[in-house]
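Residue numbering for the sequence shown follows the numbering used here, starting at 236 and increasing by one per position. Glycine included, each C-beta is placed from N, C-alpha and C at the ideal position. Since the model is a prediction, treat every value here as computed from it, not as a measurement.
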Amino acid sequence: MEPLVRVYAFCMMVALCAAEAHGGEPVYAPVEPGLVGVLRDGRLLFAECRPPKGADTAAFFAQYLSNPQDAQRYKDRVAVALRFDQLNGETRRKVLLSVFKQDTVDETGWWHTVLCEGREGQESLWALCEWVTGKGTNYRVVMADKRNHAANTVLEKGQRVLIPAELLLDVMKARTGTKSTGAAGDTPRLSEETPANLDALTAELTYGSDAQGPYAVYRLKPGEALYTAVVVRFTDIQGHNAVLEACEAIQRRSGIKDVRDMQAGQKILIPLDMLSNRYKPRGDKDRQEYDETIVEAKRLRKDRLRSKDLQGVVVVLDPGHGGRDRGAEHAASGLYEYAINYDIVCRVKQLLETKTQAKVHVTSKDLRRGYAISDARRFSPDNRVVVLTTPPYENEDAKISVNLRWYLANAIFRAETAKGVDPRKMIFTSFHTDALFDGRLRGTMIYLPGANYRRPREEPGGGIYDRFKEARECRAVTFSAAERRRDEALSRNLAEDVMESLGKKRIRRHLEGDWIRSQIRQDGGRVYVPAVLRNTQIPTKILIESANITNEIDRKNLADPSWRQTFAEAYVDALRTYFGS
236 MEPLVRVYAF
246 CMMVALCAAE
256 AHGGEPVYAP
266 VEPGLVGVLR
276 DGRLLFAECR
286 PPKGADTAAF
296 FAQYLSNPQD
306 AQRYKDRVAV
316 ALRFDQLNGE
326 TRRKVLLSVF
336 KQDTVDETGW
346 WHTVLCEGRE
356 GQESLWALCE
366 WVTGKGTNYR
376 VVMADKRNHA
386 ANTVLEKGQR
396 VLIPAELLLD
406 VMKARTGTKS
416 TGAAGDTPRL
426 SEETPANLDA
436 LTAELTYGSD
446 AQGPYAVYRL
456 KPGEALYTAV
466 VVRFTDIQGH
476 NAVLEACEAI
486 QRRSGIKDVR
496 DMQAGQKILI
506 PLDMLSNRYK
516 PRGDKDRQEY
526 DETIVEAKRL
536 RKDRLRSKDL
546 QGVVVVLDPG
556 HGGRDRGAEH
566 AASGLYEYAI
576 NYDIVCRVKQ
586 LLETKTQAKV
596 HVTSKDLRRG
606 YAISDARRFS
616 PDNRVVVLTT
626 PPYENEDAKI
636 SVNLRWYLAN
646 AIFRAETAKG
656 VDPRKMIFTS
666 FHTDALFDGR
676 LRGTMIYLPG
686 ANYRRPREEP
696 GGGIYDRFKE
706 ARECRAVTFS
716 AAERRRDEAL
726 SRNLAEDVME
736 SLGKKRIRRH
746 LEGDWIRSQI
756 RQDGGRVYVP
766 AVLRNTQIPT
776 KILIESANIT
786 NEIDRKNLAD
796 PSWRQTFAEA
806 YVDALRTYFG
816 S
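Listed below in structure tokens is the structure:
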């Protein structure tokens, strides 16, 4: 055996052993009789060949090998595992499309849907490029492509990545039967998203109208279901009952009798009023307003204020919930939303105060713990949290607490701007933890102050607010239409920077549907913007749902102090990016 061959064989043995030790179950995909594609650890791809009884074994192996003469080495074998690089081009393509059943090829290139991550095995962009382009180093070109804003060298399950057609090996360029022209579940980086290229994202939808009204048409892909592939992806509907109701409405609209009997290519009709604004057709009023927000956000990003080391920047941190209102919880794991939110805020506060020149305010305080960071993996539901108004408010009522927190944020805004701070140098962020009914959904989502869901004037009723100095100073808040549009655009820019920073830190972002949303759609048809975003006068304001507490993997992350620290670091890095620091 040649020295290089020995080295390669040794490396393959090590890789195979490592894959077994990693604990991930290999993926087996029948290609044709006697040929099975196998994926181990997300990166090691090969084929298992078993000649039929009585077959000419040499001829059987020769049909799959790039060098047919090598078949003589296997002529007496009952079964052989062939490395991917030993296979001829056509067999490689068959193996890839059999293992990655949701992959498609069209005129734009090869659309890959990531199959596994974590304990299942970890896919990488290098390996993918090596398989379909012949060069792992092409990952740099793929990452630089505007359509792959979310791509890292290590990929996330469910993420879709485009390998541009010009990079593909000739044998990989033939189109598959199912067309795919958009990155499923991915939101383009704002700096690249424009009304013109938004059309590429809606290319998987066509539009029509009948006696029941306007609709969008989507063709199901292999393995997709109405819940995640259609409702969660193309709408902003979030409440479990609301999602189920939407699924039933779409099923009826599409004439589907049994959702368990749907096939790939099934025509799905989605009522137009269910769609997220970004997925509505050009010319639609809601889509036009969305496009205008994108244009305004791009303009404001170009004109943004810069700050070295966040000097002169004021950050208001709002830990969601507290006191009697513990928020979402998973008591069996010792996880309570407020405790998680509070610990992340404490970590952000420490980083900003020790690593930057930013000034930090926090809307509430745990009187027992102060702002000390906790390395706990389980938390107690007990806390003594007060909103830092004058006088402080012990969190007895969730609604009153929410209103007092934005009253406090507005008082901070008035005080800081009176000192000469530019409003564009102020940031408000409310930290939360999601509790989506569907425990399969994972990752961070961010909400913005959607301009269309804010009132020109708002004043909470009830005399209790008059007890607090911050509310008495300015009982009602008012916003012009121009201010509401500006706030949404500025906030979108920050949200994009936060999401990009989280991606760099390998923190999972919500892949099913938009991960940045300008409103919440809950059960009963309610559509709203949370009060802390709706009424806070600080122009740049976001609400972060760090993870889904109902998902097992997300729960493990939330319980991990190092993950909470990484999340805090990603947020601070995003502020540096936002201010060009």
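When the options are compared against residue i, the one with the closest alpha-carbon
i	options	result
VAL466	GLY344, SER511 and SER542	SER511
LEU479	ARG541, PHE672 and LYS408	PHE672
SER568	THR326, ARG612 and LYS704	ARG612
LYS370	TRP798, THR589, LEU402 and GLU358	LEU402
ALA446	GLY698, GLY685, PRO506 and HIS556	PRO506
SER489	THR528, LYS520, PRO449 and ASP521	PRO449
VAL313	GLY289, VAL620 and GLN498	GLY289
LEU683	THR343, LYS776 and LYS740	LYS776
ASP600	GLN498, GLU564, LEU587 and ARG640	Residue 600 is actually Lys in this sequence, not Asp. For the residues GLN498, GLU564, LEU587 and ARG640, the minimum Cα distance to LYS600 belongs to ARG640.
LYS740	VAL551, ASN728, GLU527 and SER797	SER797
THR719	LEU440, ASN770, GLU705 and GLY674	Residue identity differs from the one stated: residue 719 is Arg in this sequence, not Thr. Out of LEU440, ASN770, GLU705 and GLY674, ASN770 has the C-alpha closest to the C-alpha of ARG719.
ILE788	TYR374, ASP405, GLY674 and GLN585	GLY674
GLN337	GLY344, THR343, LEU350 and GLU325	LEU350
MET661	ARG541, ARG603 and TYR606	ARG541
GLY586	GLN800, ASN383 and TRP346	With the sequence shown as reference, residue 586 is identified as Leu, and Gly is not the correct amino acid for it. Nearest of GLN800, ASN383 and TRP346 to LEU586, Cα basis: GLN800.
ASP405	TYR374, GLU391, TRP366 and THR372	TRP366
SER301	ASP291, TYR628 and THR326	THR326
GLY562	VAL637, GLU705 and GLY815	VAL637
ALA803	LEU778, ARG689 and VAL580	VAL580
VAL762	ALA477, CYS364 and GLY518	ALA477
VAL597	THR652, ALA646, GLN321 and PRO765	ALA646
Nonlocal neighbours in the same chain, by C-beta distance under 7 Å from residue i, ignoring five residues either side
i	result
ASP380	LEU397 and PRO399
ARG744	GLY678, THR679, MET734, LEU737, GLY738 and TRP750
ASN432	Here the model assigns ASN432 a pLDDT of 40, short of 50, so the residue's position is not dependable and the matter cannot be decided.
PRO836	Nothing about residue 836 can be read from this structure; the chain reaches only from 236 to 816.
ARG790	HIS565, SER568, LEU570 and ILE784
PHE714	ARG689 and PRO691
Contact under 7 Å by Cβ, residue i with residue j
i	j	result
PHE319	TYR309	no
PHE583	TYR813	Correcting the residue identity first, residue 583 is Val in this sequence and not Phe. In this structure, TYR813 does not lie closer than 7 Å to VAL583 by Cβ.
GLN772	PHE666	no
ARG468	GLY500	no
ARG752	ASP471	yes
GLN473	ARG756	yes
PHE830	ALA644	For residue 830 there is no data in the structure shown, the boundaries of the chain being 236 and 816.
ASP669	GLU780	yes
ALA593	VAL548	yes
VAL452	LEU504	yes
ALA316	PHE281	yes
PRO616	TYR571	yes
ILE575	LEU793	yes
ARG285	SER359	no
ARG410	THR348	no
ARG727	ALA607	no
Spatial neighbours of residue i in its chain, beta-carbon cut-off 6 Å, leaving aside the 5 residues before and after
i	result
LYS414	Confidence is the limiting factor: at LYS414 the pLDDT is only 40, short of 50, which leaves the residue's position unreliable, though a coordinate-based value still follows. The residues are ASP341.
ALA809	ASP732, VAL733 and SER736
LEU440	ALA451 and TYR453
ASP442	The residue asked about is misnamed: residue 442 is Tyr in this sequence, not Asp. Taken in chain order, the residues that qualify are ALA451 and PRO516.
GLU693	VAL712 and ASN770
ARG710	GLU694
LEU274	VAL262, LEU280 and VAL334
HIS475	PHE672
HIS257	Low local confidence applies: a pLDDT of 38 at HIS257 is under 50, so the model's placement there is unreliable, and no value is given.
Nonlocal neighbours in the same chain, by C-beta distance under 8 Å from residue i, ignoring five residues either side
i	result
VAL494	ALA460, LEU461, CYS482 and GLN486
GLU747	GLY393, GLY420, THR463, VAL467, ARG468 and LEU676
VAL699	Per the sequence shown, residue 699 should be read as Ile rather than Val. Only ILE635 meet the Cβ criterion.
PHE245	Residue confidence for PHE245 is low, a pLDDT of 35 falling below 50, so the modelled location carries little weight; the figure read from the coordinates is stated next. Closer than 8 Å at Cβ, skipping near neighbours: no residue.
ALA293	ALA306, GLN307, TYR309 and LYS310
SER444	TYR450
LEU425	Here LEU425 scores only 34 on pLDDT, less than 50, and its place in the model is too uncertain to base an answer on.
GLY815	ARG539, ARG541 and SER542
Contact with chain D by residue i, beta-carbon distance below 7 Å
i	result
TYR309	Reference to chain D is not applicable here, since this structure consists of a single protein chain.
Query raised in the report: In chain order, which alpha helix (DSSP H) runs of at least 4 residues are fully inside the segment 668 to 702?
Result: none
Query raised in the report: If you scan the segment 447 to 521 from start to end, which runs of the beta strand (DSSP E) of 3 or more residues do you find wholly inside it?
Result: 448 to 454 and 502 to 506
Query raised in the report: With a cut-off of 8 Å, do at least 3 Cβ pairs link the segment 262 to 277 to the segment 322 to 334?
Result: Short answer: they touch.
Query raised in the report: Curious, which full-length alpha helix (DSSP H) runs of at least 4 residues does the segment 543 to 596 contain?
Result: 572 to 590
Query raised in the report: In chain order, which beta strand (DSSP E) runs of at least 3 residues are fully inside the segment 727 to 800?
Result: 775 to 783
Query raised in the report: Hey, is the segment 553 to 561 in contact with the segment 619 to 638, meaning 3+ C-beta pairs nearer than 8 Å?
Result: The segment 553 to 561 makes contact with the segment 619 to 638; the number of CB pairs closer than 8 Å reaches 3 or more.
**Report entry** Complete runs of the beta strand (DSSP E) confined to the segment 306 to 362 [at least 3 residues]
**Finding:** 315 to 318, 339 to 341 and 344 to 348
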